[in-house]
Amino acid sequence: MPALTLLQSYLDEIGTAVLVGDWETYRSHVHLPFTLITETATLNVTTEADLKLGFDSFHDMLKFQKVTDYIRLAESAVNISDHLISGRYVSHFIAGTHRIIPPFRSTMTLRMIGNMWRAVAITNSISNMQWPIQVPRVDQPLKGADE
Numbered sequence: 002m003p004a005l006t007l008l009q010s011y012l013d014e015i016g017t018a019v020l021v022g023d024w025e026t027y028r029s030h031v032h033l034p035f036t037l038i039t040e041t042a043t044l045n046v047t048t049e050a051d052l053k054l055g056f057d058s059f060h061d062m063l064k065f066q067k068v069t070d071y072i073r074l075a076e077s078a079v080n081i082s083d084h085l086i087s088g089r090y091v092s093h094f095i096a097g098t099h100r101i102i103p104p105f106r107s108t109m110t111l112r113m114i115g116n117m118w119r120a121v122a123i124t125n126s127i128s129n130m131q132w133p134i135q136v137p138r139v140d141q142p143l144k145g146a147d148e
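All the letters of the sequence shown, read from the start, carry residue numbers 2 to 148 under my numbering.
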């Protein structure tokens, strides 16, 4: 499967899991330790308890903000090796017909562990400095070649 197709499939599955509160699916798709790099901090999630806290917090935020569509669109992806994929995507948080926050770009690294692709790191343009992230803070408009 091409890296871009694989990344989009992964993003769709995990986005749905977070939106509906499916912890088991989410947990099986993230490898610990997991690193989240924002514009202002490098956050290392090392325990399942911390990952669950982040998952619950993010799911609760989506519910509180009445998010109906959590969309992440893959823009590019490359196979770094047979067991690593790196890809770039844009996230959208929509409640009905309203954006909750401006779209923002991220880069995700997936690693094949056993027979499953799992996220090991995300770098994005949010400015949050702590885990769990309550609401992503997007301080600047979307940047990139295809703004």
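Yeah, the Cβ is synthetic: ideal placement off N, Cα and C, and Gly gets one too.
| Query | Result |
| --- | --- |
| Can you have a look at residue 146 and say buried or exposed, based on whether 16 or more other CB atoms are within 10 angstroms of its CB? | Legend: pLDDT at residue 146 = 46, less than 50; position of this residue unreliable, value from coordinates given subsequently. With fewer than 16 Cβ atoms within 10 Å of its Cβ, residue 146 is classed as exposed. |
| Take residue 105 as the anchor and find which of 45, 58 and 76 has the nearest alpha-carbon. | 76 |
| Alpha carbon to alpha carbon, how far is residue 117 from residue 39? Give it in angstroms, no decimals. | 26 Å |
| Go through its chain and collect everything with a Cβ distance to residue 32's Cβ below 8 Å, but skip five positions before and after it. | 112, 114, 119, 120 and 121 |
| Give the range of the beta strand (DSSP E) segment to which residue 31 is assigned. | 31-38 |
| Along the beta strand (DSSP E) that carries residue 70, what are the first and last residues, could you check? | 70-82 |
| Shortest alpha-carbon distance to residue 7 belongs to which of 124, 109, 126 and 127? | 109 |
| State the beta-bridge partners of residue 88 as determined by DSSP. | 78 and 109 |
| Reducing DSSP to helix, strand and coil, say where residue 43 ends up. | strand |
| Helix, strand or coil for residue 2? Go by DSSP, reduced to three states. | coil |
| Between the Cα of residue 34 and those of 19, 51, 42 and 20, spot the shortest distance and give me the residue it belongs to. | 51 |
| Please report the straight-line C-alpha distance between residue 98 and residue 19, rounded to a whole angstrom. | 20 Å |
| Going by other Cβ atoms of all chains shown within 10 Å of its Cβ, with 16 needed for buried, is residue 154 buried or exposed? | Outside the shown range of the chain (2 to 148) lies residue 154, about which nothing can therefore be said. |
| For residue 16, which residues in the same chain have their Cβ closer than 6 Å to its Cβ, ignoring the five residues on either side in sequence? | 71 and 73 |
| Considering only residues of the same chain and omitting the five flanking positions on each side of residue 53, which have a CB-CB separation below 8 Å? | 24 and 28 |
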